[in-house]
Amino acid sequence: MIKGKKVGLRALEREDLKFLRDWRNNVDFRRNFREVRELSLTDQEKWFESIQNTKHINFMFTIVNIETNEPIGAAGLLYINWINRSADFSFYIGKDDIYIDDKEVSNEAAKLLVDYGFNNLNLNKIWMELYEFDTRKIDFFTKKFKFKQDGLLRQNCFEDGKYWDSYIISLLKSDYNI
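For the sequence shown, UniProt numbering assigns the number 1 to the initial residue and increments by one for each residue that follows.
Here it is as C-alpha cells:
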C-alpha cells in the first residue's frame with residue numbers, strides 16, 4: 001500500500017468492484033466519465049479482468065481510509081506508454097458522493113498517485129481528459145497541481161442537450177519537482 005496520513009492507495013481487488021460500480025453508476029459522476037452508460041456487475045468484472053491482464057500498462061488503485069481500510073475512491077495511471085513515459089490519470093472520490101473535494105482527501109490521494117507516477121514509475125508526463133462542464137476537477141488539477149492545458153477536443157461530449165469541449169491537461173515531471 002502507498003500510505004499517506006489520512007488515505008492510502010492499495011491494489012484494486014475484486015471485492016472493490018461493487019463500490020466502484022455503485023460510484024460509477026451515480027448519475028452525477030457518470031456524466032464526467034468517458035464511459036457514460038450504466039455499468040452492470042458483468043461489465044465491471046470484465047473491466048477488472050482487463051486491468052488484471054494489462055498490469056504492465058495499467059496501475060489501478062483503490063483509495064482507502066488509512067485508519068479503517070474502507071474504500072473511498074479509485075485512482076489509476078492507465079495506458080502507460082513506456083517509450084514516451086506518459087500515462088492517463090484516472091481519479092475520483094466516490095464515498096459520500098464527493099467526486100472530488102478541495103480538502104485533504106482528494107489532495108492527498110492525488111499527490112500520492114502523482115508522486116508514485118513520477119518517482120516510482122519514472123514517468124515524464126501525466127495527463128487526463130476532462131469535459132469542460134467538469135469545472136471542479138479542472139480547477140482542482142490546474143490550480144492545486146499546476147496541470148496545464150495541452151489541447152482541446154471541440155464538441156467532444158454530448159451532455160444535457162448540447163455538445164461540450166474536452167480539455168487535455170497534463171503535468172510534466174520537470175514542473176512537478178520544482
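The C-beta atom is built at its ideal place from N, Cα and C for all residues, glycine as well.
Rounded separation between residue i and residue j - CA only
i: residue 26; j: residue 20; result: 10 Å
i: residue 108; j: residue 135; result: 20 Å
i: residue 172; j: residue 141; result: 13 Å
i: residue 127; j: residue 89; result: 6 Å
i: residue 160; j: residue 28; result: 12 Å
i: residue 115; j: residue 51; result: 21 Å
i: residue 148; j: residue 65; result: 29 Å
i: residue 4; j: residue 104; result: 11 Å
i: residue 177; j: residue 122; result: 12 Å
i: residue 99; j: residue 85; result: Bear in mind that a pLDDT of 49 at residue 99, under 50, signals an unreliable position, so the number given afterwards is only what the model happens to contain. Near 28 Å, if we compare the C-alpha coordinates of residue 85 and residue 99.
i: residue 200; j: residue 68; result: The structure shown does not extend to residue 200, since the chain spans only 1 to 178, so no value can be given for it.
i: residue 111; j: residue 119; result: 11 Å
i: residue 175; j: residue 113; result: 16 Å
DSSP bridge partner residues for residue i (one or two, in chain order)
i: residue 87; result: 126
i: residue 163; result: 158
i: residue 81; result: 86
i: residue 153; result: 166
i: residue 74; result: 62, 92
The alpha helix (DSSP H) enclosing residue i, as first and last residue numbers
i: residue 53; result: 41 to 53
i: residue 179; result: Outside the modelled stretch of the chain, which goes from 1 to 178, sits residue 179, for which no answer is possible.
i: residue 13; result: Element bounds for residue 13: n/a, residue is neither H nor E.
i: residue 120; result: Careful: residue 120 lies outside any alpha helix (DSSP H) and carries neither H nor E.
i: residue 173; result: 173 to 176
Beta carbon of residue i nearer than 7 Å to that of residue j
i: residue 133; j: residue 164; result: yes
i: residue 167; j: residue 130; result: yes
i: residue 24; j: residue 12; result: no
Backbone secondary structure at residue i - three-state DSSP
i: residue 3; result: strand
i: residue 19; result: helix
i: residue 94; result: coil
i: residue 148; result: strand
N-terminal and C-terminal residue of the beta strand (DSSP E) that residue i is part of
i: residue 65; result: 59 to 65
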